[in-house]
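**Q** I'd like to ask some things about the structure below.
In our numbering, the protein residues as written are 77 to 256.
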């Protein structure tokens, strides 16, 4: 199962685009309301989460994803349960992915220490001991996947598909949505 954390103020493109691409690939994915069942994104688009934080089954976890958006990132930081879920995933060898300002939360948890990563331009100071690749759209370093911004949501989402279902499936999804 892939869980995508949604806190009030999350960046809609960085959450919905990967969810869409993962579902197109047939990968089980659930959105998780960090701040409630209906969560408003950074552009005031309300999204009804599939489940709440306390309904996650971490024993079934393959990947956890943290979208950016400063409000969404602040919501995740303010939730011990969200932080514990991210740490649990990392400590148990699961994929941990974050985009935009989201990787700074992973840096707070020391998940990015010594790893190659990217984040939203200007957030680099919050990346601790990560080895920053500032010109990359998406970076994978083992089980850590980071993306730069809303404009990189498609490559980020396709990378999530690739690591879970392989390059052929990611290419098939890219072809289906006519990436040129």
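For every residue, glycine included, the Cβ atom is placed at its ideal position computed from N, Cα and C.
(1) What's the gap between the Cα of residue 163 and the Cα of residue 145?
(2) Can you grab the Cα-Cα spacing for the pair residue 250 / residue 100, in whole Å?
(3) Would DSSP call residue 130 helix, strand or coil?
(4) Indicate the three-state DSSP secondary structure (helix, strand or coil) for residue 41 in the structure shown.
(5) Would you say the stretch 208-219 touches the stretch 232-243, given that touching needs at least three Cβ pairs under 8 Å?
(6) Give me the Cβ distance between residue 222 and residue 175, rounded to the nearest whole Å; I'm assuming they're in contact under 8 Å.
(7) So what's residue 140 in DSSP terms, helix, strand or just coil?
(8) Start and end of the alpha helix (DSSP H) containing residue 151?
(9) Looking at the ligand COA, does it come within less than 7 Å of residue 231, judged from the CB to the closest heavy atom?
(10) Could you give the first and the last residue of the continuous beta strand (DSSP E) run that contains residue 88?
**A** Taking the structure as given:
(1) 20 Å
(2) 10 Å
(3) helix
(4) Nothing in the structure corresponds to residue 41, since the chain is present only between 77 and 256.
(5) yes
(6) 7 Å
(7) strand
(8) 146-153
(9) The model on display carries no ligand, and the ligand COA is accordingly not part of it.
(10) Note, residue 88: premise wrong, no beta strand (DSSP E); alpha helix (DSSP H) at 88-100.
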